[in-house]
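Heads up, the sequence shown is in the numbering used here, so the first residue is 444 and it goes up one at a time.
One structure is given below, encoded as structure tokens.
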Amino acid sequence: METRKGAALVVLLATQLMVILDGTVVNVALPAVRDDLGFGAAGLSWVVNGFFVAFAVLLLPAGRLGDVVGARRVFLAGLAVFTVASALCGVATSPAFLVGARVVQGAGGALTTAVVLGMVARLYDDEAGRARGFALAAFVGSAGASIGTVAGGVLVDTATWRWVFGVNVPIGVVVLAAALVVVPRDEPTGASGGRVRALLTDTRFLLPNAVLFTMTVAGFSFQFLTALYLQDTLGLDALHTGLAYLPVTLAIAVASLGLSGRLASRYGAERVLVGGLLLFVAGMVSMAELPDQGSYAVHVAPGFVVMGAGFGLAMPQVTTLAMRAAPAAHAGVASGFVNTTQQAGGAVGLAVVATVAAAEGRATGFLLAAGALAAGALVASYLAGAARGRCASTPTLEGC
Numbered sequence: 444m445e446t447r448k449g450a451a452l453v454v455l456l457a458t459q460l461m462v463i464l465d466g467t468v469v470n471v472a473l474p475a476v477r478d479d480l481g482f483g484a485a486g487l488s489w490v491v492n493g494f495f496v497a498f499a500v501l502l503l504p505a506g507r508l509g510d511v512v513g514a515r516r517v518f519l520a521g522l523a524v525f526t527v528a529s530a531l532c533g534v535a536t537s538p539a540f541l542v543g544a545r546v547v548q549g550a551g552g553a554l555t556t557a558v559v560l561g562m563v564a565r566l567y568d569d570e571a572g573r574a575r576g577f578a579l580a581a582f583v584g585s586a587g588a589s590i591g592t593v594a595g596g597v598l599v600d601t602a603t604w605r606w607v608f609g610v611n612v613p614i615g616v617v618v619l620a621a622a623l624v625v626v627p628r629d630e631p632t633g634a635s636g637g638r639v640r641a642l643l644t645d646t647r648f649l650l651p652n653a654v655l656f657t658m659t660v661a662g663f664s665f666q667f668l669t670a671l672y673l674q675d676t677l678g679l680d681a682l683h684t685g686l687a688y689l690p691v692t693l694a695i696a697v698a699s700l701g702l703s704g705r706l707a708s709r710y711g712a713e714r715v716l717v718g719g720l721l722l723f724v725a726g727m728v729s730m731a732e733l734p735d736q737g738s739y740a741v742h743v744a745p746g747f748v749v750m751g752a753g754f755g756l757a758m759p760q761v762t763t764l765a766m767r768a769a770p771a772a773h774a775g776v777a778s779g780f781v782n783t784t785q786q787a788g789g790a791v792g793l794a795v796v797a798t799v800a801a802a803e804g805r806a807t808g809f810l811l812a813a814g815a816l817a818a819g820a821l822v823a824s825y826l827a828g829a830a831r832g833r834c835a836s837t838p839t840l841e842g843c
């Protein structure tokens, strides 16, 4: 049974990695896409935007659909749509063709992503198992962006931009075949709209999502501002910029997979979340001090490690807290909402922080993102206090 659960988890996370990679891998290929298909400057952005608009708009409805018709059905349908759309992207012959295929690809990605956290939660009966699953999901989510940048550079340099999309096809077929075998069937819950509204007004669910929102505001801002610094100030090319994020990825791996769950078992998810956020704030503040004549090893890498450690500690726990608050019947809509929160935080972070940084300077942008994280840490501190009160009165509660 445990082997089957492990295989199902691998399939779920492999699909997630494919979707996340495809959100970032295309960035490196954009110049080649433009030259080959004749995109204009405005139209080229829709190779990226088309994917993310469809992805973000459909996350919450797809999560609700998973509760109504079954998460496994939605997941398999999304994986099939994503794989077919990837093939269409790879053979695109015009700008309109490629953008349309990217929209379909984003829709398929939304169907799979929206239900994955709920499916991970259903795989395990115990909180420790769910926490391990969420930790792996957090690592895949954070590492995927860095891997995507590196993979895109390698594929464009060694093959053509079409393989940025085409590589998904054989992988998608294999993962889909495996999913049909190892992902367990689930029964539709048919949860009522009233019960869903009750979940979306429950502070035990909303407050962890508020913290998650601040984390993704800071995380997307960090990626945007540091990428500009690495390329425009330190002069790194796209491939080496992707490699420069490896310390972040490694720190996240150590913190999320090796430390976060153990610390949560001893001190509670809420306290670990607070500690992780404070490390994240410290790393972001250090980024505000980046000099124009800086050194990657001296000025960048240490802050990257601190930020990665903070994120790796916090992300599994904020996910655990949000999903713990959702009844099993609402796992799909809860999963969709959590993913929508991340997309919304990323969009706000890029829009607001990038605008402020352009007007007031890079350091101000980093400090604004750090301020958002500090607000999240205050909310997490409130959650920690509330958890202490609940556990003092009822020690047998889940999470105590």
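Note that the Cβ used here is the ideal one computed from N, Cα and C, for glycine as well.
Below 8 Å on the Cβ atoms is my contact criterion, and I expect residue 812 with residue 661 to pass it. Report the Cβ-Cβ distance as a whole number of Å. For this step, residue 812 is matched to residue 369 along the sequence shown. For this step, residue 661 is matched to residue 218 along the sequence shown. Right, the Cβ-Cβ distance comes to about 4 Å (below 8 Å), so this counts as a contact.
Indicate the three-state DSSP secondary structure (helix, strand or coil) for residue 600 in the structure shown. As a first step, residue 600 is located in the sequence shown; it is residue number 157 there, counting from the start. In this structure, residue 600 counts as helix in the three-state DSSP scheme.
Would you mind stating whether residue 799 and residue 792 have Cβ atoms separated by less than 8 Å? Within the sequence shown, the letter at position 356 stands for residue 799. Within the sequence shown, the letter at position 349 stands for residue 792. Not in contact: residue 799 and residue 792 (Cβ atoms no closer than 8 Å).
Note down the Cα distance separating residue 521 from residue 502, rounded to an integer number of angstroms. In the sequence shown, counting from the first residue as 1, residue 521 sits at position 78. In the sequence shown, counting from the first residue as 1, residue 502 sits at position 59. If I take the Cα positions, the gap works out to 11 Å.
Residue 736, enclosing alpha helix (DSSP H) - first and last residue: Position 293 of the sequence shown holds residue 736. DSSP places residue 736 in no alpha helix (DSSP H); its state is neither H nor E.
In whole angstroms, give me the CA-to-CA distance for residue 561 and residue 764. By 1-based counting over the sequence shown, the position of residue 561 is 118. By 1-based counting over the sequence shown, the position of residue 764 is 321. Each residue's Cα considered, the two are about 13 Å apart.
Could you check if residue 708 is buried or exposed, using at least 16 other CB atoms within 10 Å of its CB as the buried criterion? Position 265 of the sequence shown, counted from the start, is the residue given in the question as residue 708. Sixteen is the threshold: since fewer than 16 other Cβ atoms of the shown chains lie within 10 Å of the Cβ of residue 708, the residue is exposed.
Taking the alpha helix (DSSP H) that residue 622 belongs to, which residues open and close that run? The residue given as residue 622 occupies position 179 in the sequence shown. Residue 622: member of the alpha helix (DSSP H) spanning 611-625, first to last residue.
Looking at the structure shown, is residue 488 part of a helix, part of a strand, or coil, going by DSSP? Here residue 488 corresponds to residue number 45 of the sequence shown, with the count starting at 1. Note: residue 488 maps to helix in three-state DSSP.
Report, in whole angstroms, the separation of the C-beta atoms of residue 491 and residue 470, which I expect to be a contact under 8 Å. Along the sequence shown, one-based indexing puts residue 491 at 48. Along the sequence shown, one-based indexing puts residue 470 at 27. The C-beta separation of residue 491 from residue 470 comes to about 7 Å, placing the pair in contact by the 8 Å criterion.
Residue 579 beta carbon less than 8 Å from that of residue 693: Here the question's residue 693 lines up with position 250 in the sequence shown. Here the question's residue 579 lines up with position 136 in the sequence shown. No. Outside cutoff.
Which residues bound the alpha helix (DSSP H) around residue 778? In the sequence shown, residue 778 corresponds to position 335, counting from 1. Residue 778 -> alpha helix (DSSP H) spans 774-791.
Give me the Cβ distance between residue 542 and residue 489, rounded to the nearest whole Å; I'm assuming they're in contact under 8 Å. Position 99 of the sequence shown, counting from 1, holds the residue named residue 542. Position 46 of the sequence shown, counting from 1, holds the residue named residue 489. Yes, they are in contact, since the Cβ atoms of residue 542 and residue 489 sit about 5 Å apart, within 8 Å.
With a cut-off of 8 Å on the beta carbons, I'd call residue 650 and residue 822 a contact; round off their distance for me. Here residue 650 refers to the residue found at position 207 when the sequence shown is read from its first residue. Here residue 822 refers to the residue found at position 379 when the sequence shown is read from its first residue. Their Cβ separation, rounded to whole angstroms, is 6 Å, which keeps residue 650 and residue 822 in contact under 8 Å.
Expressed to the nearest angstrom, what Euclidean distance is found between the alpha-carbon atoms of residue 450 and residue 485? Position 7 of the sequence shown, counted from the start, is the residue given in the question as residue 450. Position 42 of the sequence shown, counted from the start, is the residue given in the question as residue 485. Approximately 43 Å between the Cα atoms of the pair.
In the DSSP assignment, find the alpha helix (DSSP H) that holds residue 741 and state where it starts and stops. Stepping through the sequence shown from its first residue, residue 741 is reached at position 298. From DSSP, residue 741 is part of no alpha helix (DSSP H); its letter is neither H nor E.
Would you grab the beta carbon distance between residue 769 and residue 648 for me? Rounded to a whole angstrom, and I think it's under 8 Å. As a working mapping, residue 769 is identified with position 326 in the sequence shown. As a working mapping, residue 648 is identified with position 205 in the sequence shown. The pair is a contact, with the Cβ atoms about 6 Å apart (cut-off 8 Å).
Taking 8 Å as the cut-off, decide whether the C-beta atoms of residue 587 and residue 464 are in contact. On the sequence shown, residue 587 is found 144 positions in, with the first residue counted as 1. On the sequence shown, residue 464 is found 21 positions in, with the first residue counted as 1. Contact: yes.
Would you check if the segment 493-509 and the segment 781-796 touch, i.e. whether three or more CB-CB distances between them fall below 8 Å? yes
Put residue 460 into one of helix, strand or coil per three-state DSSP. As a first step, residue 460 is located in the sequence shown; it is residue number 17 there, counting from the start. Helix, per DSSP.
Residue 547 to residue 806, Cα distance in whole Å? Residue mapping note: residue 547 aligns to position 104 of the sequence shown, counting from 1. Residue mapping note: residue 806 aligns to position 363 of the sequence shown, counting from 1. Their Cα atoms are separated by approximately 38 Å.
Alpha carbon to alpha carbon, what distance is there between residue 705 and residue 733? Indexing the sequence shown from 1 puts residue 733 at position 290. Indexing the sequence shown from 1 puts residue 705 at position 262. So the alpha carbons of these two residues sit roughly 33 Å apart.
Between the CA atoms of residue 468 and residue 618 - distance to the nearest angstrom: The count along the sequence shown starts at 1 and reaches residue 618 at position 175. The count along the sequence shown starts at 1 and reaches residue 468 at position 25. When rounded, the distance between both Cα atoms is 19 Å.
So which of 657, 736, 536 and 608 has the shortest CA-CA distance to residue 716? For the purposes of this step, residue 716 is taken as the residue at position 273 of the sequence shown. For residue 716, the nearest C-alpha among the options comes from 657.
Using the Cβ count rule (16 or more neighbours within 10 Å means buried), how would you classify residue 622? Looking up residue 622 in the sequence shown gives position 179. Buried, since its Cβ has 16 or more Cβ neighbours within 10 Å.
Tell me where the alpha helix (DSSP H) around residue 845 begins and ends. Because the chain here runs from 444 to 843, residue 845 falls outside it and cannot be looked at.
The segment 742-749 touching the segment 680-699, judged by at least three CB pairs closer than 8 Å: yes
Would you grab the beta carbon distance between residue 459 and residue 556 for me? Rounded to a whole angstrom, and I think it's under 8 Å. Within the sequence shown, the letter at position 16 stands for residue 459. Within the sequence shown, the letter at position 113 stands for residue 556. About 7 Å separates the two Cβ atoms, so the contact holds.
Boundaries of the alpha helix (DSSP H) in which residue 664 is found, first to last residue: Counted from its first residue, the sequence shown places residue 664 at position 221. Secondary structure note for residue 664: its alpha helix (DSSP H) is the uninterrupted segment 646-671.
Nearest-angstrom Cα separation, counted from residue 738 out to residue 679: Here residue 679 refers to the residue found at position 236 of the sequence shown. Here residue 738 refers to the residue found at position 295 of the sequence shown. Whole-angstrom Cα-Cα distance: 12 Å.
Looking at the secondary structure, which residues open and close the alpha helix (DSSP H) in which residue 799 lies? Numbered from its first residue, the sequence shown carries residue 799 at position 356. Here the alpha helix (DSSP H) through residue 799 covers 797-803.
Measuring straight from C-alpha to C-alpha, what distance separates residue 644 and residue 804? Indexing the sequence shown from 1 puts residue 644 at position 201. Indexing the sequence shown from 1 puts residue 804 at position 361. Cα-Cα distance, rounded: 38 Å.
Span of the alpha helix (DSSP H) around residue 728: As a working note, residue 728 is residue 285 in the sequence shown. Taken as a continuous stretch (DSSP letters only), the alpha helix (DSSP H) holding residue 728 covers 712-730.
Which term fits residue 630, buried or exposed, when burial requires 16 or more other beta carbons within 10 angstroms of its beta carbon? The sequence position of residue 630 within the sequence shown is 187, counting from 1. Around the Cβ of residue 630, a 10 Å sphere holds fewer than 16 other Cβ atoms; the residue is exposed.
Neighbour-count burial assignment, residue 736, 16 or more Cβ in a 10 Å radius: Along the sequence shown, read from residue 1 onward, the residue named residue 736 stands at position 293. Exposed, by the Cβ-count rule.
Tell me the rounded alpha-carbon separation between residue 774 and residue 496. On the sequence shown, position 331 is the one that residue 774 refers to. On the sequence shown, position 53 is the one that residue 496 refers to. Approximately 23 Å, taken between the alpha carbons.
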